[in-house]
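Chemist:
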Amino acid sequence: MRERRVLVAACAVLWVLAPVALAAARWPTWWTWIAPEQTPMTWLQSVVLILASTGCLLLVVVLGRAGAPRVRIWLVFGAGLCLLALDERFAVHERVRDGYLAPRDVRVPFLPWVGPGDFLILGVAVVGLVALPFVWRAFAPDRAARAALVVGVVLAAVAVGADSIDPSRWSVGAERLEQTLEEVVELGSGLALACAVGLRLLGELGGRQRPPVTSE
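Residue numbers for the sequence shown follow our numbering, beginning at 433 and rising by one.
Encoded structure:
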């Protein structure tokens, strides 16, 4: 299906071109629109996640009209993506960390590499892993969508792991590079998840010759 190939290609191209364009626009301070919070990069990430969330809501409508059972998982998944988008746009967990937890040196004793307050994002990741089996079953009818979901989850895990590392002992240059790469990986994760939802939606709208899809 041509639309599916175009969607995958567009996500891949955007993942490459967006960071390059943002870095070039601010050269030689190439990191300023990528590494910090509330920059054009985090705005783009929030837009991608909102689009993915909208796709989930469309799937609720399409699958609901087709009489598929248990479509609520798409509503939950879409709500989760929307919350992540708000966090990206307004730096919610960073504000809580920097304003309340880090000044009080709040840490998790059994995670010594995690900076003060940085355990918040790990908590979000745990919630995502708990919900993942249900989301995985919802993607079952579409192999390509499942593959994109795997890519999104793996990249998200890499980004969360990088975000949780305490950079206090790093040089300024190393911290800028690490944060830049982390944001690029986050963008890739969001694009992969949006691609997965888009492929799943296109599969339904394409009217494949098969029984109505169930979201188990």
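Ideal Cβ placement from N, Cα and C applies to all residues, glycine included.
Bear in mind the structure is a predicted one, so any value in this text is a computation, not a measurement.
Taking DSSP as the reference, what is the three-state secondary structure of Val538?
Modeler: Note: Val538 maps to coil in three-state DSSP.
Chemist: Reducing DSSP to helix, strand and coil, say where Val586 ends up.
Modeler: Note: Val586 maps to helix in three-state DSSP.
Chemist: If distances are taken between C-alpha atoms only, which option among Val508, Arg608 and Leu619 comes closest to Trp475?
Modeler: Taking only the C-alpha atoms, the option nearest Trp475 is Leu619.
Chemist: Rounded to the nearest angstrom, what separates Phe551 and Cys514 at their Cα positions?
Modeler: Roughly 21 Å separates the two Cα atoms.
Chemist: For Val438, collect the residues of the same chain with a Cβ closer than 8 Å to its Cβ; drop the 5 residues on either side in sequence, then sort them by chain order.
Modeler: Within the same chain, Val438 has no close Cβ partners at all.
Chemist: Where does Glu648 sit, in a helix, a strand or coil, going by DSSP?
Modeler: Confidence in Glu648 is poor, its pLDDT being 43 and thus under 50, which makes the residue's placement too unreliable to answer from.
Chemist: Just confirm the distance between the C-beta atoms of Leu491 and Arg632, as a whole number of angstroms; I'd bet it's less than 8 Å.
Modeler: About 6 Å; that satisfies the 8 Å criterion.
Chemist: Excluding sequence positions up to five away, which residues of its chain have a Cβ less than 6 Å from the Cβ of Ser539?
Modeler: A quick correction: the sequence has Arg, not Ser, at residue 539. Cβ within range, chain order: Pro548.
Chemist: Given a threshold of 16 other Cβ atoms within 10 Å of its Cβ, counted over all protein chains shown, does Ala498 qualify as buried or as exposed?
Modeler: Ala498 is exposed by the Cβ-count criterion.
Chemist: Out of curiosity, what's the CA-to-CA distance linking Met473 and Glu615?
Modeler: Approximately 7 Å, taken between the alpha carbons.
Chemist: What span of residues does the alpha helix (DSSP H) with Gly620 cover, start to end?
Modeler: Looking at the DSSP string, the run of the alpha helix (DSSP H) that includes Gly620 is Val604 to Leu637.
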